[in-house]
Amino acid sequence: MAITGIKGFNDILPGEVEKWQRIEATARRVFEIYGFSEIRVPIMEKTELFSRSIGDATDIVEKEMYSFTDKGENRVTLRPEGTAGVMRSFIEQKLHVLDPVTKLYYMGPMFRYERPQKGRYRQFHQIGAEVVGVTNPRIDAQVLIMLCHFFQELGLTEPTLQINSLGCPECRPLYRAALKEYLEQRREELCDDCRRRMETNPLRALDCKVPGCGVATKDAPSVLDHLCQGCDDHFAAVRRHLDVTKTPYSVNHRMVRGLDYYTRTTFELVTGLLGSQSAVAAGGRYDGLIEELGGPKLPGIGFAMGVERVALLLSGEGFARVPDLFIAAHGEAAGDEAFRLMTLLQGEGFRVELDYEGKSLKSQMRRADKLGARFTLIIGEDELATGQGMLKAMADGSQVALPLAASPLAAALSCS
RNA sequence: GUGGCUAUGGUGAAGCGGUUAACACUUACGACUGUGACUCGUACAUACGUGGGUUCAAAUCCCACUAGCCACCCCA
Numbered sequence: 041m042a043i044t045g046i047k048g049f050n051d052i053l054p055g056e057v058e059k060w061q062r063i064e065a066t067a068r069r070v071f072e073i074y075g076f077s078e079i080r081v082p083i084m085e086k087t088e089l090f091s092r093s094i095g096d097a098t099d100i101v102e103k104e105m106y107s108f109t110d111k112g113e114n115r116v117t118l119r120p121e122g123t124a125g126v127m128r129s130f131i132e133q134k135l136h137v138l139d140p141v142t143k144l145y146y147m148g149p150m151f152r153y154e155r156p157q158k159g160r161y162r163q164f165h166q167i168g169a170e171v172v173g174v175t176n177p178r179i180d181a182q183v184l185i186m187l188c189h190f191f192q193e194l195g196l197t198e199p200t201l202q203i204n205s206l207g208c209p210e211c212r213p214l215y216r217a218a219l220k221e222y223l224e225q226r227r228e229e230l231c232d233d234c235r236r237r238m239e240t241n242p243l244r245a246l247d248c249k250v251p252g253c254g255v256a257t258k259d260a261p262s263v264l265d266h267l268c269q270g271c272d273d274h275f276a277a278v279r280r281h282l283d284v285t286k287t288p289y290s291v292n293h294r295m296v297r298g299l300d301y302y303t304r305t306t307f308e309l310v311t312g313l314l315g316s317q318s319a320v321a322a323g324g325r326y327d328g329l330i331e332e333l334g335g336p337k338l339p340g341i342g343f344a345m346g347v348e349r350v351a352l353l354l355s356g357e358g359f360a361r362v363p364d365l366f367i368a369a370h371g372e373a374a375g376d377e378a379f380r381l382m383t384l385l386q387g388e389g390f391r392v393e394l395d396y397e398g399k400s401l402k403s404q405m406r407r408a409d410k411l412g413a414r415f416t417l418i419i420g421e422d423e424l425a426t427g428q429g430m431l432k433a434m435a436d437g438s439q440v441a442l443p444l445a446a447s448p449l450a451a452a453l454s455c456s
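In this note's numbering, the protein residues as written are 41 to 456.
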């Protein structure tokens, strides 16, 4: 029995990988327009970093982390998300002394021990961005606009923006208490899960999928009515900036976050096309996190998107690169000439293919067609004798004789 | 961690107790013209996830295991 891969760890094969490259290249291009620089941090960190930042009581920390003890008796964890490691690096490398505003983006694998399903894997990939040092709500809007810009560039209209505010350490506890009180009144109408949630995290009851809970929480108090003045003003400003820049969004006051560090603005890009995994990208403000991790008292905001989920939205296959030229050679001497010309043209930057096995001309033509080559250069004994190869345009079958040298071939390949 | 569904070649699949395990695609070679697509021919599963059981007879029925998918929980 051959060795198989690990459950929930996938191979990304040619044909699919082109889509990933496009997503990554688009992210780099768009994020850099907005002044973000890439940062690369390790995929493992001390376990403590994640329990401190994400929150001890969250599902991620409680049951989904790939944690183990290394040979030096250190507790380490394969990162389940990107923000914690980036913030650790930010603090450790004292990036804030270089510039009061830091804009970073990252991409790479994350690991969560969950049951795999559509759009959810144990090794999955995120592209994320973080801004540290700006409290002004314009940066919230900026980040959202950038995210929308990214999806536009990919030609996707589907994920739509939803925003909410979770308040701050001042006003959230008050809201939480108000919500809990409301839920207590309706205890009978709630599902078992929600009754449990009432204690651990009452906000979760708001996005429960059980129909009965939806009805029961229909008139539940909204966070947005419980924001303190500062949070309320902040959220209003974010919306104003989105309106002014004509960025489409909707307010979803029932939106909840799974990580503890979020404050004030939170958002998700959601789609109905991915089964139960509706969130394609999500993020928010985390004003207390950096200080919590032992860094300076600086605000932050960021998001992460799931690359697998974005790839699922990109219709069709990523298509493979097609050769500019296939050189079909008939006979040993012609094969040598084909190889020489191929090397020359590759040096000029053309994608050139040929047959390595000395197969029949027919086979070679078939392969040229299969690969989708735009042109095929045919070289046999006659062509070798005259020094003129036949260049065939595969689309219409027309042929012209051309000298067997790099520059005339390069010229022919460049036009049309 | 909990449910449901499914497991036949490189792929999509037929098969419903006795068949040489269909068919299509892919791949390879060949015919038509030293030159692709269309057409045609030939080849490609001692084998039906693994292990047991029932039966004269199992890919087909039963059980267990494993894997995959989807959903719940939760999340990007």
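From the three backbone atoms N, C-alpha and C, an ideal C-beta is built for every residue, glycine too. All figures in this text were calculated on a predicted structure; none of them were measured in a lab.
Cβ-based burial, residue i [other Cβ within 10 Å; buried from 16]
i	result
residue 455	exposed
residue 125	buried
residue 346	buried
residue 93	buried
residue 67	buried
residue 43	exposed
residue 335	buried
residue 383	exposed
residue 169	buried
residue 393	buried
residue 364	buried
residue 322	buried
residue 395	buried
Reduced DSSP category for residue i - H, G, I as helix; E, B as strand; rest coil
i	result
residue 177	helix
residue 396	coil
residue 74	coil
residue 167	strand
residue 221	helix
residue 161	coil
residue 346	strand
residue 362	coil
residue 215	helix
residue 421	helix
residue 242	helix
residue 377	helix
residue 306	strand
residue 63	helix
Alpha carbon of residue i to alpha carbon of residue j, nearest angstrom
i	j	result
residue 142	residue 418	57 Å
residue 333	residue 87	13 Å
residue 262	residue 145	33 Å
residue 80	residue 167	11 Å
residue 57	residue 156	20 Å
residue 216	residue 326	18 Å
residue 381	residue 444	8 Å
residue 59	residue 350	9 Å
residue 398	residue 404	9 Å
residue 91	residue 315	30 Å
residue 387	residue 362	17 Å
residue 439	residue 75	50 Å
residue 269	residue 282	20 Å
residue 422	residue 355	47 Å
residue 276	residue 255	28 Å
residue 151	residue 48	10 Å
residue 304	residue 293	12 Å
residue 227	residue 251	15 Å
residue 446	residue 391	13 Å
Check whether residue i and residue j have beta carbons under 8 Å apart
i	j	result
residue 245	residue 230	yes
residue 296	residue 202	no
residue 116	residue 85	yes
residue 186	residue 284	no
residue 95	residue 209	no
residue 353	residue 449	no
residue 369	residue 377	yes
residue 63	residue 330	no
residue 267	residue 211	yes
residue 207	residue 271	yes
residue 371	residue 420	yes
residue 441	residue 434	no
residue 432	residue 415	yes
residue 241	residue 306	no
residue 55	residue 452	no
residue 320	residue 181	no
residue 248	residue 232	no
*Would the region 153-161 and the region 324-342 be scored as touching if the rule is three or more Cβ pairs under 8 Å?*
Cβ pair count under 8 Å is below three, so no.
*asked:* Check whether the region 188-199 and the region 250-262 are in contact - that is, three or more C-beta pairs closer than 8 Å.
replied: The region 188-199, when compared against the region 250-262, does not touch it at the 8 Å Cβ threshold.
*Are the region 116-134 and the region 175-186 touching by the rule of at least three beta carbon pairs closer than 8 Å?*
Taking 8 Å as the limit for Cβ pairs, the verdict is that the region 175-186 does not touch the region 116-134.
_Quick test of the definition: if touching needs 3 or more C-beta pairs under 8 Å, does the region 402-411 touch the region 419-429?_
Not touching, per the Cβ criterion.
*On the three-pair Cβ rule with 8 Å, is the region 128-143 touching the region 99-107?*
In the pairwise beta carbon analysis, the region 128-143 is classified as not touching the region 99-107: fewer than three pairs are separated by under 8 Å.
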